[in-house]
Amino acid sequence: MNYTKALAEALAPLIELTAEEILPSIEAPPDARLGHFAYPCFRLAKTLKKAPPMIAAEVAGKIMEARPAWLRDAKATGPYINFFLDHAAFAGDVLKDVLSSRENFGAKGQGAGKNVVMDYSSPNVAKHFHVGHLGSTVIGKAIDNIYSFLGYNVTSINHLGDWGTQFGKLIVAYKKWGNHEEIEKTEIEGLTKIYVRFHEEADKDPSLNDEARAWVVKMQNGDEEGLRLWKWFVDLSLREYNRLYEKMGINFDLFRGESYYNNMLDGVAAEIDQKGLLEESDGAKVVFLEDHGMPPCLILRSDGGTLYPTRDIAAAINRHQEFKFDLCLYVTGQEQKLHFAQWMKVVELMGYPWAGGLVHIPYGMYRFEDGAMSTRRGQVIKMEDLINEAVAKTRNIIEERNPSLPNKEEVAWQVGYGALVFNKLYNSRIKDTVFSWEHMLNFEGETGPYVQYTHARACSVLEKGGWGGNVDFDPSLVAEDEAFDVLRLIYDFPGKVEESAAKYEPFIIARQLVAIAQAFNVYYSKNMILVDDAKTRQARLALTCAVRQILKNGLQLLGIAAPVAM
Ligand code: ARG
1 MNYTKALAEA
11 LAPLIELTAE
21 EILPSIEAPP
31 DARLGHFAYP
41 CFRLAKTLKK
51 APPMIAAEVA
61 GKIMEARPAW
71 LRDAKATGPY
81 INFFLDHAAF
91 AGDVLKDVLS
101 SRENFGAKGQ
111 GAGKNVVMDY
121 SSPNVAKHFH
131 VGHLGSTVIG
141 KAIDNIYSFL
151 GYNVTSINHL
161 GDWGTQFGKL
171 IVAYKKWGNH
181 EEIEKTEIEG
191 LTKIYVRFHE
201 EADKDPSLND
211 EARAWVVKMQ
221 NGDEEGLRLW
231 KWFVDLSLRE
241 YNRLYEKMGI
251 NFDLFRGESY
261 YNNMLDGVAA
271 EIDQKGLLEE
281 SDGAKVVFLE
291 DHGMPPCLIL
301 RSDGGTLYPT
311 RDIAAAINRH
321 QEFKFDLCLY
331 VTGQEQKLHF
341 AQWMKVVELM
351 GYPWAGGLVH
361 IPYGMYRFED
371 GAMSTRRGQV
381 IKMEDLINEA
391 VAKTRNIIEE
401 RNPSLPNKEE
411 VAWQVGYGAL
421 VFNKLYNSRI
431 KDTVFSWEHM
441 LNFEGETGPY
451 VQYTHARACS
461 VLEKGGWGGN
471 VDFDPSLVAE
481 DEAFDVLRLI
491 YDFPGKVEES
501 AAKYEPFIIA
511 RQLVAIAQAF
521 NVYYSKNMIL
531 VDDAKTRQAR
541 LALTCAVRQI
551 LKNGLQLLGI
561 AAPVAM
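With the numbering used here applied, the sequence shown closes on residue 566, and no number is skipped along the way.
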């Protein structure tokens, strides 16, 4: 049941407003003891020609005369009317809703008929999947999950960085110093090695750079050998990426890298020109954006260098043609803010009405003690290493806490990886994430392991209590204040999911999960669940089952597994 709506409908005839007008003003007081919902009467003073406290008192009285069964009390406190729900009626309503809709609790087809394209993760070929892409990958995946959950038709695209001058350099390096077998075996490691060597040698012999450029031009003209080697570099890189994606449980509908748009770039430049936007600047073709407070957007370079913005414009046009998107979402580090603002402005200036559906979703960096995204020795941190370390540390914790756990390896992965993901998703995405193993692996902190642990604990109680999914229970037996707190957070959960979708902010879900876990642990510490009285036990198990369901649903939306024991 939608209580704010029911309240608005009950208030409407009493205050000369429509339910729709009232709805946005209904608040949730910060402390449930002060009221479960509140309505401020300030706005009514003018129309009703009375002081707000007087209106509040009168309306509260009238509401109570025709009191619906779910409403326990309506009280005026100054200019506010505070509403108190009947705990038992509320418990029965919320629990039945969760226990019957289960993994779909809150999914009402909000996005039915709407298409969303999601562009995320998108590492750069021949470079390791490093920690800089963790944010794009896990924030992107969470938003993908959330929109899919709400019934949007989501197409996920991995916009691999698979084109540019670096491939010319790699080809030169491979032909001079590469060993096929070794690179086959070592993949990106081997490619990095010859790439580094290229730069060392090019410092001594700059003509190598000309050779590399020549290869890029050849590839652009369809050179078979060049393209064969390029394809090999892409495939080698994908091996590492796919190993990670598989472990992370991430599937893309399309791996469609930058090169996919190569043959569309001239057409896009011609179209921009024909629309009178293209201008000459230092030998390059640009769109001037000073009227929009931005430096020019580079469309064509004279030196054949990369055309990152032009590819993005081509990709957007192509995606709109193909997927008719209502929203096309891009998740990248905030250092790319200007890039996205520029090319999206160009698409708007080109007159495409759907430009409004293009959204850049930036996020902050990792902060280590000694600087961003690097280890003490200044090296980039590989995602594979980072995850392995998280899993190893988790394995040790499990070894200490629960050495007889049957599937330790799987759980260590789920909890270790989950800790990393949750840590990244727990704050507003634009904030930098401070990296601390101790913090993120704390089973008692505001962490992934804490939520997972609470879920596992609920599973174990349900198992011990012989919960068979029987939804026949007496809700008046879960009407304590602490139970109400849990249920209120569960009731609010679907709204939080919608809010997190609207704001592209998974942290809203992550925080709600922690709040639910904390509230449940308070309830649990004050009320034994497996009591002798069968009726009480049944009602408490129903509450436990709802908590388990919501924690699992929420973790899944965030891309984190919910092990049944840990
Ligand atoms: N490959 C880019 C990078 O690693 C991210 C690509 C983001 N997507 C896009 N359509 N530009 O920085």
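Beta carbons are placed, not taken as given, at the ideal position from N, Cα and C, and that holds for glycine.
Where residue i falls: helix, strand or coil (DSSP)
i	result
M373	Because M373 carries a pLDDT of 48, less than 50, the predicted location of this residue cannot be relied on, and the following value inherits that uncertainty. Correct three-state label for M373: coil.
K345	helix
K247	helix
M118	strand
D73	strand
Y491	helix
Y260	helix
L441	coil
N209	helix
L160	coil
S302	coil
K382	strand
E279	strand
C41	coil
P563	coil
K127	coil
A355	helix
G333	strand
A284	strand
Y152	coil
C-alpha gap between residue i and residue j, whole angstroms
i	j	result
Q334	V359	13 Å
L420	I387	8 Å
D31	F435	33 Å
I55	Y491	29 Å
V497	A112	16 Å
A372	V125	With a pLDDT of only 48 at A372, under 50, the local geometry of the prediction cannot be trusted, and no value is derived from it.
R43	P53	12 Å
L7	R102	26 Å
P563	S460	11 Å
L487	H320	42 Å
Y80	A38	6 Å
V471	A483	17 Å
R377	K175	Note that R377 scores a pLDDT of 49, beneath 50, so its modelled location is shaky; the value from the coordinates is reported in the next line. The alpha-carbon atoms of R377 and K175 are separated by roughly 31 Å.
A567	W343	Here the chain covers residues 1 to 566 and nothing more, so residue 567 does not appear.
R548	F83	29 Å
S374	E384	Low confidence applies to S374: its pLDDT is 46, below 50, so where it sits in the model is not reliable, and the reading given next is rough at best. Whole-angstrom Cα-Cα distance: 15 Å.
N423	T433	8 Å
I568	R537	In this structure the chain extends from 1 to 566, so residue 568 is not present and cannot be described.
S122	Y366	18 Å
G249	A534	41 Å
T186	Y453	38 Å
N402	L244	27 Å
D580	S302	The first residue shown for the chain is 1 and the last is 566, placing residue 580 beyond what the model contains.
Residue i beta carbon near ligand 1 (any heavy atom closer than 6 Å)
i	result
N427	no
H320	no
T332	yes
S122	yes
D119	yes
G161	yes
D432	no
D253	no
D312	yes
Rounded distance between the beta-carbons of residue j and residue i, thought under 8 Å
i	j	result
V268	I188	About 31 Å separates the two Cβ atoms, so there is no contact after all.
I361	V331	5 Å
>> Using 8 Å as the cut-off, can you tell me whether the segment 131 to 138 makes contact with the segment 205 to 219, which would need three or more C-beta pairs spanning the two stretches below that distance?
In response: no
> With contact counted as at least three CB pairs below 8 Å, one residue from each stretch, are the segment 547 to 559 and the segment 501 to 513 in contact?
Replying inline: A contact exists between the segment 547 to 559 and the segment 501 to 513.
> Counting Cβ pairs, one atom from each stretch, are 3 or more of them under 8 Å apart for the segment 161 to 175 and the segment 411 to 419?
Replying inline: no
>> For the pair the segment 8 to 18 and the segment 56 to 70, tell me if three or more CB-CB distances fall below 8 Å.
In response: yes
> Does the pairing of the segment 414 to 433 with the segment 388 to 397 give three or more beta-carbon distances under 8 Å?
Replying inline: yes
> Do three or more CB pairs link the segment 338 to 354 to the segment 519 to 532 at distances below 8 Å?
Replying inline: no
>> Under 8 Å, with one C-beta from each stretch per pair, do the segment 171 to 184 and the segment 141 to 156 reach the 3-pair mark?
In response: no
> Counting Cβ pairs, one atom from each stretch, are 3 or more of them under 8 Å apart for the segment 84 to 102 and the segment 542 to 549?
Replying inline: yes
> Quick check: the segment 146 to 153 against the segment 115 to 129, are there 3 or more CB pairs under 8 Å?
Replying inline: yes
>> Within 8 Å, do at least three Cβ pairs link the segment 219 to 230 to the segment 168 to 175?
In response: yes
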